[in-house]
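Those protein sequences? They're chains X and V, same order as listed.
Note that this note's numbering has the first sequence beginning at 1, numbered continuously upward.
Note that this note's numbering has the second sequence beginning at 1001, numbered continuously upward.
Ideal placement from N, C-alpha and C gives every residue a C-beta, glycine not left out.
Every value quoted in this text rests on a predicted model; they were computed, and no experiment measured them.
All remarks here apply to the structure that follows.
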Amino acid sequence: MSSHATVRSPEDRNSVRSPYGEFFRDGYVHRDLYVKQSLFDDEMRLLFGSTWVYIGHETELPNANDFIRRRIGRRPVIFVRKEDGKVDVVVNRCPHRGALLCRFERGNAKRFTCGYHAWSFENDGACVAIPLRHAYGENFRLEDHDLLKPARVENYRGFVFASISPNVPSLQEHLAGSASYLDQWLDRGTGQKVVVNNGSMTFTCHANWKTVYDNAGDGYHPPFSHESMLRVFTRRYGDDTDMSYFPSGSNEGPMVSRDLGNGHTVIDQRPAMHAKSAWMRQHVHPGREAAETAVFDRFGEAAGIKLLDASTGAGMNISIFPNMLIVGNQIQIVDPVSVNQTSIQWFSTSIEGAPVEINLTRMRMQEDFPSFGEVDDTAQWESCQEGMEAVPEMEWIDIRRHIATHQGRVDADGWQTHPITSDIHMRAYYREWLRVMNGAACGATRSVEK
Amino acid sequence: MLDMLASDHFAPDLADMPYFSVAWYDRLHAIVGYWLELREIPDDLRANPVDRTAAEQLLSTEARFLDQERLEEWLTLFTDDAVYWIPSDVEGRDPRTTVSWELNDRRRLEERVERLATERAYSQAPSTRTMHLYSNLEVLSFTPNVMHVICRFFIQTSLAGKLSPRAGWNGYILRKVDDGWRIALKRIGLFDADYPQDNNSFTL
């Protein structure tokens, strides 16, 4: 299960079997991966068409026939809870002339009827009515005109993924080492159910979608990119607050960055963030005093602080290849719009049955980093995009951190562990990127056909 | 609507509630619910010309301070228990169970201003130039010391020369304190809050 530290395929470079190998060399990736339109088109077709893609959480659809629109790459899909209570995914494109069947972001519907010629489909994709059918002749059968569906739809503890291609391992196998981190994220605190039905915020970023991945697992940037936030909090609340634990000197401390297989990674801040009390570290959200008083009054200080700690950020940035990130208590979908534009939707979460003060504190906590931190990161990605696009003479992007130091180790669970500021997260997802893209290009996987 | 005004739960200000307590949120949610259901301003709530002029002047000053990037002075227009709020939905969902783009108390608002002043806030380096236009002001007077203002806003922005607009409606609670009217709540209702947003790290 352990993996090489670098992305490379030197012997295959430019060969038929490795058509995408030319974009990689030891410790560097080529700018074309971020700026070239044809590569973006290939990614949307081959990468997002040949692997598991996160669709949403089942609690986003509480009732039968609820639906929400999502995407698999650029493919519009509808995430539905069917009449029988099961969740499913159908492609939101009329098989007739290509129109979007459903043009609303969310709602509740048993059937989708195309606005153009009124072809109608159950929310499980079955074609059930076509007006003036006689003109198609006697051999016409409704069941030949069902909606396209991903070949596979699977659910890991509420997280629903779909694969357009049938040639993928089981979802659990695909999630590899990340499954155990998803478990830890779901089971923290009192173990009550995590619910994803508390609104969301969507940021537009004028940069390639992979810049978001590059950052999500980057334990190197916080003291610098987030200097404004850290300065304010340090001045107000002292040195031992918020994300001040990220290293700015040569000692990288107890936090780690891990390659969890199949492109998934984690940066684990818990050894620093949860060392004492996560709640006591975090000083910024409105309503802190009111929530603390109410929770202590009701549960006592010892039990109360545990509840409050569990409402504070989870301390794990889990990056699931290729479009799902977990940061703090939020789930993000990274939604590529074009080669240099991305939508990043942050879903807020709550705890089922938790005291109202806990969940409302959780809401405010989930506004903290997006407004004081994410905005500065987004500015960096947009700046990177501008520089990468504008200077063709500088072809290579540096992802070398902690290759030369040999500080990586393979832990007991079999996954590779690096110091927190490593670029191992980029090397890991690009290795998977290359594997999937080459495989798809060489016909190892194929799109489902009806 | 009038039923809501008559109910024991409705009060036009948040002043006497513990700041950001559950009961405070109850009150806040009821006020926003009232704004969302408001079809016509009841005649007996229309502010008299003197109060209306005071509200217009306060909001004009507020907009001008923002456009001039005089954020320290902008803060002085707010009460000690002020709220600066940008919901992430357009339906008026309960902020106790729904995440917002921003829901700042006074302390957080001060931190926002401090952050922008560090010169290390890269999302605002250079800073976004703004032109705040407030229009269609409707001013409701509840007591001699409490007014609400509902208005449309249009903010033209330029970030390093790249133009982009913001639009929506603001709801204000204004409160008279010793030396004049102050803003107790500014709720910024982006009309597309539920869709992808560009860099909103300036002050709306």
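Short Cβ contact (8 Å threshold) for residue i with residue j
i	j	result
residue 49 of chain X	residue 165 of chain X	yes
residue 70 of chain X	residue 80 of chain X	no
residue 1099 of chain V	residue 277 of chain X	no
residue 415 of chain X	residue 205 of chain X	no
residue 361 of chain X	residue 287 of chain X	yes
residue 29 of chain X	residue 339 of chain X	no
residue 334 of chain X	residue 212 of chain X	yes
residue 1079 of chain V	residue 1177 of chain V	yes
residue 198 of chain X	residue 44 of chain X	no
residue 1175 of chain V	residue 1013 of chain V	yes
residue 420 of chain X	residue 253 of chain X	yes
residue 425 of chain X	residue 265 of chain X	yes
residue 207 of chain X	residue 385 of chain X	yes
residue 228 of chain X	residue 368 of chain X	no
residue 1082 of chain V	residue 1184 of chain V	yes
residue 1109 of chain V	residue 1182 of chain V	no
Residue i (DSSP reduced to helix, strand or coil)
i	result
residue 255 of chain X	coil
residue 968 of chain V	Any question about residue 968 of chain V goes unanswered here, given that chain V covers just 1001 to 1204.
residue 1090 of chain V	coil
residue 394 of chain X	coil
residue 1099 of chain V	coil
residue 1134 of chain V	strand
residue 1045 of chain V	helix
residue 1065 of chain V	helix
residue 384 of chain X	helix
residue 304 of chain X	helix
residue 449 of chain X	Interpretation of residue 449 of chain X is limited by its pLDDT of 31, a score under 50 that renders its predicted location unreliable; the figure taken from the coordinates is listed afterwards. Here residue 449 of chain X sits in coil by DSSP.
residue 360 of chain X	helix
residue 1195 of chain V	coil
residue 373 of chain X	helix
residue 222 of chain X	helix
residue 1076 of chain V	coil
residue 8 of chain X	Here the model assigns residue 8 of chain X a pLDDT of 49, short of 50, so the residue's position is not dependable and the matter cannot be decided.
residue 1139 of chain V	strand
residue 310 of chain X	helix
residue 28 of chain X	strand
residue 1001 of chain V	Since pLDDT at residue 1001 of chain V reaches only 46, below the 50 mark, its modelled position is unreliable, and the value read off the structure follows with that caveat. Coil, per DSSP.
residue 249 of chain X	coil
residue 403 of chain X	coil
residue 145 of chain X	helix
residue 351 of chain X	strand
residue 1014 of chain V	coil
residue 1050 of chain V	helix
N- and C-terminal bounds of the beta strand (DSSP E) containing residue i
i	result
residue 347 of chain X	341-347
residue 122 of chain X	120-122
residue 69 of chain X	66-72
residue 418 of chain X	416-419
Which residues DSSP lists as bridging residue i, in chain order
i	result
residue 1163 of chain V	V:1158
residue 1085 of chain V	V:1103, V:1187
residue 129 of chain X	X:120
residue 333 of chain X	X:324, X:345
residue 88 of chain X	X:80
residue 316 of chain X	X:268
residue 139 of chain X	Answer is none; residue 139 of chain X lacks a bridge partner.
residue 1176 of chain V	V:1181
residue 57 of chain X	X:159
Boundaries of the alpha helix (DSSP H) in which residue i is found, first to last residue
i	result
residue 261 of chain X	Taken as a continuous stretch (DSSP letters only), residue 261 of chain X belongs to no alpha helix (DSSP H), as it is neither H nor E.
residue 39 of chain X	37-42
residue 425 of chain X	424-441
residue 234 of chain X	227-237
residue 45 of chain X	First-last for residue 45 of chain X: undefined, no H or E at that position.
residue 155 of chain X	No alpha helix (DSSP H) contains residue 155 of chain X, which is instead part of the beta strand (DSSP E) from 152-156.
residue 296 of chain X	288-299
residue 20 of chain X	Here residue 20 of chain X belongs to no alpha helix (DSSP H), and DSSP marks it neither H nor E.
residue 211 of chain X	210-216
residue 201 of chain X	Note, residue 201 of chain X: premise wrong, no alpha helix (DSSP H); beta strand (DSSP E) at 200-205.
Distance between beta carbons of residue j and residue i, contact taken as under 8 Å
i	j	result
residue 1090 of chain V	residue 1179 of chain V	With 8 Å as the limit, residue 1090 of chain V and residue 1179 of chain V do not qualify as a contact, their Cβ atoms being about 36 Å apart.
residue 1203 of chain V	residue 1066 of chain V	6 Å
residue 234 of chain X	residue 244 of chain X	6 Å
residue 46 of chain X	residue 440 of chain X	4 Å
residue 189 of chain X	residue 310 of chain X	3 Å
residue 87 of chain X	residue 61 of chain X	6 Å
residue 1073 of chain V	residue 1113 of chain V	Contact flag wrong, Cβ pair sits at about 10 Å.
residue 267 of chain X	residue 215 of chain X	Contact flag wrong, Cβ pair sits at about 11 Å.
residue 294 of chain X	residue 357 of chain X	5 Å
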